[in-house]
Amino acid sequence: MRVVEIESEGSISRSGMNELDYCLNPYLGCHHGCTYCYAIDMTSKKDARDNWGDVIYVRKNIARNLASDIKGLKRGMVGISTITDPYQSAEARYRLSGKCLKLLLENGFRVTVQTKSPLARLDFPLLSKYRNYSDIGYTIVSADSRKTRLTEPHTPPPEARFRALMEATALGIHTWIYFGPVMKGINDTPEDISAVMRWASLSRSRVIFDFYRNYDGSERAISKSGLNPKYMAGNESWKNEVSGLIRKMAEEYSVEVNSEQEEWLIERKKAFRTLF
Ligand code: SF4
């Protein structure tokens, strides 16, 4: 992996996602290199886009910028991160996500963290302290590490994510599992779904699910890996069938489940607004 340190302007940005007011991305590019990643097309650095997973840019001064950018900024929900994994291996050295998380929580923002890495443990004490203002979600496409490897070349194994979720829950941190993207022929069997629901039940995590969508960058990356992105995206009848299965199994495991598009995200945002 090639790591490029940069001094860049800005830190926190307005988010176009319903559930977020702001997003913050300390790195550009992502070493995890997931082939289904929509962020490939949204990454401003061409060499990080063209060599997805092999080149990352480190925004070295982001915490310093954030400290001044949040002065006078309306408080709201911040997503860390939306186009990179905030706890990819570089975080062990730079701790940019940790510094920004601390600044945001200490200044009255609410933060939702999404990752695939147990390295987030470094910030569990902070998330636990600010448990009413934060949550953490782990993306798990499958509990089976062989299946996970089909689309995630460099991510920590799913078992390690589950163990981190269990630890977070034990510390009183709100947790969720992002079961997605669901891809036809990869992670859509009853066994796949049941295993994720079991982990959600054990770790008392909500589940959010979503289906794979084709983007130029992910189509290229998936095709290069020898899989068929058009097939993996499925069709409406397959999505309806799998959604039904997900909801049925969630009920069996007494797990709260919602599709990404569902209202609850917006509701959650409204609910937490009263805290600021
Ligand atoms: S961890 Fe997230 S941001 Fe990183 S490559 Fe995978 S999907 Fe993209």
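Going by the working numbering, 27 is the number at position 27 of the sequence shown; the sequence numbering is gapless. The C-beta atom is built at its ideal place from N, Cα and C for all residues, glycine as well.
In this structure, the CA atom of L202 is about 14 Å from the CA atom of A160. The straight-line gap separating the alpha-carbon atoms of K102 and L126 is approximately 7 Å. Taken in chain order, the whole alpha helix (DSSP H) runs of length 4 or more contained in the region 15-63 are 46-50.
Excluding residues up to 5 positions away in sequence, Y212 and M232 lie with their Cβ nearer than 6 Å to the Cβ of M183 in the same chain. Residue range P190 to L202 is occupied by the alpha helix (DSSP H) that includes D192. Beta-bridge annotation (DSSP): M77 is paired with R110. Selection P118, E191 and T84 evaluated against M249 yields E191 as nearest (Cα-Cα). Scanning the region 123-165 for uninterrupted alpha helix (DSSP H) segments of 4 residues or longer gives 124-129 and 145-151, listed from N- to C-terminal end.
Checking the DSSP bridge columns, you'll see N258 partnered with I208.
The closest CA to that of V255, considering only G76, D50 and W176, is found on W176. Apart from sequence neighbours up to five positions away, the residues of its chain that approach W238 with a beta-carbon distance below 8 Å are K184 and D188, ordered along the chain.
One Cα belongs to I246, the other to A120, and the distance between them is close to 27 Å.
Buried is the label assigned to D135, since at least 16 other Cβ atoms lie within 10 Å of its Cβ. By the Cβ neighbour-count rule, G108 is exposed, with fewer than 16 other Cβ atoms within 10 Å of its own.
Take N214, set aside five residues on each side of it, and the residues of its chain with a beta-carbon closer than 6 Å to its own are P229 and A233, in chain order.
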